[in-house]
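Asker: Mind looking over this structure? Questions follow.
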Amino acid sequence: MDDNPARPAPGQAICALAEIPEPGAAGFRYREGEAMFAGFVVRKDGGVFGYVDSCPHAGWPLAGFNGRFLTRENDLILCAGHAALFRIADGACVAGPCGGKFLTVWPIRVEDGQVFAA
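Mapping of the sequence shown onto full-length UniProt numbering: position 51 corresponds to residue 51, and the numbering continues sequentially without gaps.
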């Protein structure tokens with residue numbers, strides 16, 4: 001776990017699971033003073049996955065101005081900056097300039113229809 005004071009603490013509610021389309025993704029931003037944390041949650045085939053919203057190649061947010069995290073087919077995570085593609089289940093880069101790298105996991109859990117930081 002990093003020491004970013006803006007990162008939601010374990011147990012903090014993120015959103016209702018129903019607010020995230022299936023399949024689909026939603027981004028979340030948190031601020032604490034000057035610190036900022038950006039993350040996103042993906043739903044696909046009954047799984048729910050959380051990642052830090054930062055490209056492992058360039059460090060910028062993955063979603064472009066349209067806020068979209070997934071490809072049109074909703075089968076891969078897309079970095080809008082340089083079209084890198086990542087597997088949803090484990091964040092592994094499967095195409096683009098960040099081969100061999102992974103998205104940073106944002107630990108989450110789902111309980112009673114709510115998504116929480118874990």
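For each residue, glycine too, the CB sits at the ideal point set by N, CA and C.
If Gly64 sits next to Ala80, beta carbons under 8 Å apart, how far is it from one beta carbon to the other, in whole angstroms?
Answerer: 3 Å
Asker: Express the C-alpha separation of Leu62 and Cys55 in angstroms, rounding to a whole number.
Answerer: 6 Å
Asker: To the nearest angstrom, report how far apart residue 173 and Phe28 are at their CA atoms.
Answerer: For the chain, the structure presents residues 1 to 118; residue 173 sits outside this window and is missing.
Asker: For Ile77, write down the residues that DSSP places opposite it in a beta bridge.
Answerer: Leu70, Phe86
Asker: Is Trp106 near Gly39, with beta carbons less than 8 Å apart?
Answerer: yes
Asker: Once you ignore the five residues that flank Ala9 on each side, which residues in its own chain have a CB closer than 8 Å to its CB?
Answerer: Ala117
Asker: Which residues mark the beginning and the end of the beta strand (DSSP E) in which Arg7 is found?
Answerer: Per DSSP, Arg7 belongs to no beta strand (DSSP E) and is neither H nor E.
Asker: I think Ile108 touches Val48, with their Cβ atoms under 8 Å apart; what is that distance to the nearest whole Å?
Answerer: 7 Å
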